[in-house]
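Beneath this line is the structure, given in structure tokens, with notes to follow.
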Amino acid sequence: MYIIIKFVYKYKYMIFFVLFSRWNKKVDCNKLKTSMIFGRKKVCYFVVLVTMGLFYIIQNSPGKSAQRLEDAVKTMDLYEERLNMNLNDTMTTGLEVARERERLLMAIEERIIGFLYRIPDYSYIGSLETYLKYRPNLLAQFPAAVPLGKGDYSISSNYGTRIHPISEKEKKHYGIDLAAPSGTKVHATASGTIKELGYSPKGYGIYIVMRHRFGFETIYGHLEKVLVHKGETIAQHQIIGTLGNTGNSTGYHLHYEILKNKEKIDPRPSFDLKKKIYARLFKGNPEMEEEN
Ligand SMILES: [Zn+2]
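Going by the numbering used here, the first residue of the sequence shown is number -15, and it counts up by one from there.
Below, the structure is given as structure tokens:
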């Protein structure tokens, strides 16, 4: 029964369309007597389009998607808790614990892609912490690191409202500024592709836009040099350019932005995400010291 409901839910649009066209044939809209300017068939199509449109709007309304997000977070939190309990379980026998863990990991796996696409920012990543210890490779696919090499930067401006250094007006700063010497290597914070390269003399200067999985994008601005080309596939931590002072900038720094589902978000929580998970995974492993 559950499988049938799941199937119907998954293919609801297709089933709806098939049922409608069957009904359409049965009624045979063409043969119905009508004095209307538009044929019955056109009216039928119009009605089905409006119905489908309404259905789509209801399904994707802000209230509905907020509800879905809340449900997804609740489910993920529950699995996270159970996974954590499983990890610390010393009462049950090893085999049982291992089986239960496998089951939990599979259940999370089934939901995680949708969850990662749905979440609006990093405040929901906490629900995945234990899981990510098992699948740390996932951290390579979304921004989870600092875009500069270890230790050679300082944060000169945070995400949020600030007084702009040139215009002296209060302005929202949608990224984070990392000050470092000219020519410092700029790394991709996640694997992905180069979406756009450009030069904006009054804005970002020389900049790179990268597209990543799960609805993430990153922007690297005020660069000195670009070392990649448009459409290129990039690995996490790969060097994509060098830090500069181009565009609307008063000193050598990298302006770094993260977009999630087309909205600009605070990049700070992403900086130590990979480091934190990896540090817990490889406690005392000197190789990990090289990760940034
Ligand atoms: Zn900036």
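Where a beta carbon is used, it is the ideal one built from N, C-alpha and C, also for glycine.
Quick check on residue i: buried or exposed, where buried means 16 or more other Cβ atoms within 10 Å of its Cβ?
i	result
T217	exposed
N44	exposed
Q220	buried
T18	The predicted position of T18 is uncertain, since its pLDDT is 49 and thus under 50; no value can be drawn from it.
Y40	exposed
P185	exposed
Y(-3)	exposed
M60	buried
G23	exposed
G225	buried
S111	buried
F30	exposed
I109	buried
In this structure, how does DSSP classify residue i when only helix, strand and coil are distinguished?
i	result
Y236	coil
G47	helix
M194	strand
Y40	helix
K248	strand
A219	coil
G78	helix
A91	helix
A163	strand
T226	strand
T18	Low local confidence applies: a pLDDT of 49 at T18 is under 50, so the model's placement there is unreliable, with the coordinate-based value given in what follows. Correct three-state label for T18: coil.
Leaving aside the five residues before and after residue i along the sequence, list all residues of the same chain whose C-beta is less than 6 Å from its C-beta, in chain order.
i	result
L243	E201
K258	L123, A128 and A129
Y183	I190
G187	G231 and N232
I249	D105 and I242
To which residues of the same chain is residue i closer than 7 Å at the C-beta, ignoring the five residues directly before and after it?
i	result
V81	N70 and D73
A91	Y63
A124	A174, S175 and Q220
R195	G176, T177, K179 and E201
L265	K117 and P120
Looking only at C-alpha atoms, which of the options sits nearest to residue i?
i	options	result
K117	G37, G47 and E64	E64
G235	L123, G225, V31 and G189	G189
L238	V34, N142, K259 and F198	N142
P251	E84, P104 and L33	P104
I97	Y115, L207 and R83	Y115
L227	A164, M36 and Y(-5)	A164
L3	I150, T59, Y158 and M36	M36
K214	V193, Q222, L88 and L207	V193
N68	L88, Y204, K58 and G225	L88
L207	G199, V32 and Y240	Y240
L181	Y158, F198, R95 and K209	K209
G199	Y(-5), V212, G159 and K246	K246
R197	S107, L100 and I139	L100
V170	I203, G144, I150 and F0	I203
S107	P253, A263, G133 and K260	P253
R85	L132, R95 and R66	R66
G144	S151, K134, G133 and Y158	Y158
F255	Q222, G133, S151 and L211	G133
L283	G47, L211, A172 and F1	Residue numbering for the chain in the displayed model covers -15 to 276; residue 283 lies beyond these limits and cannot be assessed.
Is there a Cβ from chain D that is less than 8 Å from the Cβ of residue i?
i	result
G23	Reference to chain D is not applicable here, since this structure consists of a single protein chain.
By Cβ distance, which residues of its chain are closer than 8 Å to residue i, with the 5 residues on each side in sequence left out?
i	result
I285	There is simply no residue 285 to check, as the chain begins at -15 and stops at 276 in what is shown.
R83	none
Y137	V130, L162, A163, A164, T168 and L238
R102	S49, R52, L53 and A56
S5	none
I139	I160, D161, L162 and A163
Inside the stretch 99 to 160 only - alpha helix (DSSP H) runs reaching at least 4 residues
If you keep only unbroken alpha helix (DSSP H) runs of at least 4 residues inside the stretch 99 to 160, you get 113 to 118.
At which residue ranges does the stretch 166 to 215 contain complete beta strand (DSSP E) runs of 3 or more residues, listed in the order of the chain?
Within the stretch 166 to 215, the complete beta strand (DSSP E) runs of at least 3 residues are 169 to 171, 176 to 184, 189 to 195 and 200 to 210.
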